[in-house]
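In case it helps, our numbering puts the sequence shown at residues 2 to 197.
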Amino acid sequence: MKTSPKVRILGIAKNRFYRQGYYHTGINQIIKESETAKASFYDHFPSKQSLGVEVIRAYGVDVLVWFREILRKSPTPKAFISEMKKAILQQIHSDDSYYQGCPIAIFSCQFPVGEQPFSDEFRLIVSRWESIFVVRIQKWKKENLILNSTDEIALARDLINLYEGSLMNWRISRNEEYITRVFIQMQERLELQFKK
């Protein structure tokens, strides 16, 4: 059974914007590959910009689900490092995918800082990431795995920053040492919060 035109368009756009970029992907290409009539495209997405916003939201959900699964499997900071390592290495070594790094980071780099309506969407997504990390960090605190004085949002931001930074540098250089180093750096950052 064929999926709805909106679902097909969004799926093709997610793939094409990730692989070839927002500005290198035309609406006609998306219409053709999604086997959708032009009128149907415009019924769902009045502009390429509106499609771009929906793609950002879809990427945001994908990454949020990915982070949630890692954090769900991370009852301890040590488990978090292990789960992140498995998940990142699986992504960058998968034969089934064309992985270039975090789709939010890749997509956001295609626009000037602050460009609307994209900028607000990116900011909202990062805020959601911070929230789910804070929830896990609070659980670690409650279970006395880290210091009660730990600044939850600062730790969440540091872990996200290390993750995103390592992927961007890996993407730029194709040097896997950036990936290897991120796990050491996350461990060092978390150890600062360990109870002595």
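Note that CB positions come from ideal geometry on N, CA and C, so glycine has one too.
Exposure of T4 is indicated by the presence of fewer than 16 other C-beta atoms within 10 angstroms of its C-beta. With fewer than 16 other CB atoms across the displayed protein chains lying within 10 angstroms of its CB, V66 is exposed. Close CB contacts of G61 within its chain, under the 8 Å cut and outside five residues either way in sequence, are with I105, E122, L125, I126, R129 (chain order).
For Y99, the CB contacts under 7 Å within the same chain, skipping 5 residues up- and downstream, are R20 in chain order. When the Cα atoms are used, Q186 and S48 turn out to be separated by approximately 42 Å. For the pair C103 and L163, the CB atoms are not nearer than the 9 Å cut-off. DSSP, read as helix, strand or coil, puts S174 in helix.
The shortest C-alpha to C-alpha distance from V64 to any of P6, Y43, L146, K15 is the one to K15. Between I133 and P78, the CB-CB gap reaches or exceeds 9 Å. Short of 7 Å from the beta carbon of G53, and not among the five residues preceding or following it, lie these beta carbons of its own chain, in chain order: Y23, F119.
Assigned with DSSP and collapsed to three states, F46 falls in coil, not helix or strand.
The C-beta distance from Q194 to L156 rounds to 6 Å, short enough to meet the 8 Å contact threshold.
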